[in-house]
Amino acid sequence: MPAWGHDGLLDPAEIECMAAFLQLDPPEAPARSLAEIRQSWELVVPVSERPTAPAHARDWENFFAVILRDPGKVAILDGTTKEEVARIDVGVSAHIVRTSSTGRYLYAVGRNGAVTMIDLWAATPQAVARVQGCYDARSVEGSKLAGWEDRYVIEGCYWPPQYVVFDGLTLEPLARNDVPLTTIDGEVLREVRTAAIVASPFEPVWLLAFKESGYVGFVDYAQDGFPLVTQLPAARFLHDGGWDHARRWFLVAANASDRIMVVDAQERTIDAEIVTGDTPHPGRGANWEDPVYGWVNATTHIGEGKLTVYGADPIGRPEHAWQIVREIALPAAGGLFLKTHPSSPWVLMDMPLASDASDARQICAYAKASGVLDRCFTPSAAGPAVHFEFDRAGAELWVSVWAQDGEIVVYDAVTLEERARIGPLDTPTGKFNVHNSTHDVY
């Protein structure tokens, strides 16, 4: 922060006024009713006017949805040709993109709570519906159980403390439900944010990570009103997470509690907690078969330079399940994402929040076969390297260079030799391959 007075940016009267302003009680944050949400709903292309088969010859299941964070857009890139086929407004500081159960539709959520539905079968991919369920949000997910495909979409809010359910083909708002404000310790809060959301493969429910309260909630989309039917006490400050390789256990980081919580989605139980290190941030995590310990999962950390690997096969290798089996030192803290693919011998890790700019530009490759850190390298000097995605076949690895004049660097997924650069792109961050996102390949 600058020296406001010393540098002449504010005079003494302005400094006094600013100091008085900062001591005022903040205004009450507004609620957002279902009626207000309905007013925001825009059906751009009715279902009856959409194509019944892909209206282009591209391999749409190998499309990448690339978040351009600062301009609030999603670029649709053809993973085969590397061409940009569409660029779509999706709201302020777009956060994530999820696919419908079929992969045809994308649901993008911005940090202003705007949800945009994109049809990949259109001649040029386009937004077909928009709605704003929250004032601030980071998570969205569709219904995926057999028989319920693409029927509903849920958005979890950062503010207000609520979740909203929409029609899965039109985004028509259907229900708005409050999130309980009592923590696992019995404290009553004024704010509980919804972080990660995943759709259960066992029953028509979504699992919601309630950040401040420390509960994992189950929302039943087969019941009228989409009620919260179960709350499992886990750990406070739940954030991001994903499935194990069998898609039964939801592995969610309680990052301010320094642990990964293991949730059995089939039995609705908390099976374990793994104390991994300082502020774990796995994204959706990474699954691979370790030559010694069988199926494992892992996380990197914001607060320390460490990859923590833990057993994740309680049926096949129960002796290692939910136990730390490897810890690998990394060059720096600040890790946000790691990723692998069955066709690649590597687990890739970033560190874009590292305090040193040169570290933030690095990515590291862990060798699955040997269990060692093989190499670290810098994709670009232009900005931090962040987030990984593989193409549909697992033959290519894509990495974002997070800068206003950024780009995506494409590597061979086996040799790690550079294949291409796509850009310039304005602040590219997360990238989501349609096939991999639809089938939870990570």
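1245 is the number that the working numbering gives to position 359 of the sequence shown; each next residue is one higher, with no gaps.
No residue lacks a Cβ here, since even glycine has one placed at the ideal position from N, Cα and C.
Which of the three DSSP states, helix, strand or coil, is assigned to T1010? Here T1010 sits in coil by DSSP.
State yes or no: is the C-beta of L1222 within less than 8 Å of the C-beta of L1234? The Cβ atoms of L1222 and L1234 do not sit closer than 8 Å to each other.
Three-state secondary structure assigned by DSSP to R1305: Strand, per DSSP.
At which residues does the alpha helix (DSSP H) containing I1188 begin and terminate? I1188 -> no alpha helix (DSSP H), and no H or E assigned at all.
So, for P1168: in the same chain, excluding its five sequence neighbours on each side, which residues have a beta-carbon less than 6 Å away from its beta-carbon? Same-chain partners within the cutoff: A1139, T1185.
Give the secondary structure of V930 by DSSP, where H, G and I count as helix, E and B as strand, and everything else as coil. DSSP places V930 outside both helix and strand once states are collapsed to three, so it counts as coil.
Could you tell me the distance, in whole angstroms, from the CA atom of G958 to the CA atom of Q1012? Annotation: G958 to Q1012 spans about 15 Å, alpha carbon to alpha carbon.
State the Cα-Cα distance for the pair G1180 and S1286, rounded to the nearest angstrom. Straight-line Cα distance between these residues: approximately 31 Å.
What first and last residue would you give for the beta strand (DSSP E) that runs through H1321? Counting along the chain, H1321 falls outside any beta strand (DSSP E), though it belongs to the alpha helix (DSSP H) covering 1320–1324.
Suppose the cutoff is 7 Å on Cβ atoms and the five residues either side in sequence are ignored; what does the same chain contact list for A917 look like? Annotation for A917: P1046 place their beta carbon closer than 7 Å to its own, counting only its chain and skipping 5 residues before and after.
Compute the Euclidean distance between the alpha carbons of A941 and N948, then round it to the nearest angstrom. Distance between the alpha carbons of A941 and N948: 16 Å.
Could you tell me if G1028 is buried or exposed, where buried requires 16 or more neighbouring beta carbons within 10 angstroms of its beta carbon? By the Cβ-count criterion, G1028 is buried, with 16 or more other Cβ atoms from all chains shown falling within 10 Å of its own Cβ.
Between which two residues does the beta strand (DSSP E) carrying I1146 extend? Its beta strand (DSSP E) spans residues 1145–1150.
Let me check one thing: in DSSP terms, what residues is Q1048 bridge-paired to? D1064, per the DSSP bridge assignment.
What is the DSSP secondary structure of C1250, counted as helix, strand or coil? DSSP, reduced to helix, strand and coil, places C1250 within a strand of the structure shown.
Mark A1279 as exposed unless 16 or more other C-beta atoms lie within 10 angstroms of its C-beta, in which case mark it buried. Burial call: exposed.
Assess contact between the segment 1292–1299 and the segment 928–940, defined as three or more Cβ pairs (one per stretch) separated by less than 8 Å. Is contact present? Output reads no: the segment 928–940 does not touch the segment 1292–1299.
For I901, report the span of its alpha helix (DSSP H) as first-last. Per DSSP, I901 belongs to the alpha helix (DSSP H) from 898–908.
Inter-residue CB distance, T1116 and G1103 (contact presumed, cutoff 8 Å): With 8 Å as the limit, T1116 and G1103 qualify as a contact, their Cβ atoms being about 7 Å apart.
Three or more C-beta pairs closer than 8 Å, one from the segment 1197–1210 and one from the segment 1310–1323: is that the case here? When C-beta atoms of the segment 1197–1210 are compared with those of the segment 1310–1323, fewer than three pairs fall below 8 Å, so the two segments do not count as touching.
Comparing alpha-carbon positions, which option in E1153, W1034, N1063 lies nearest L1055? For L1055, the closest C-alpha among the options E1153, W1034, N1063 is that of W1034.
Under 7 Å Cβ to Cβ from P1231, same chain only, skipping five residues before and after it: list those, please. By the criterion of a C-beta distance shorter than 7 Å, P1231 is surrounded in its chain by A1253, K1254, A1255, V1300, once the five residues flanking it on both sides are discounted.
Just list the residues that DSSP pairs W1034 with in beta bridges. Per DSSP, none; premise fails for W1034.
Check the C-beta distance from D1005 over to Y993 and give it rounded, since I have them as a contact under 8 Å. About 11 Å separates the beta carbon of D1005 from that of Y993, a gap too long to meet the 8 Å contact definition.
When the Cα of A905 is compared with those of R1122, A915, G891, L1239, which residue comes out closest? When each option's Cα is compared against that of A905, the closest is G891.
Same chain, Cβ closer than 7 Å to A1251, five either side skipped, listed in chain order: Excluding positions up to five away in sequence, the list reads W1232, L1234, D1260, R1261, L1302.
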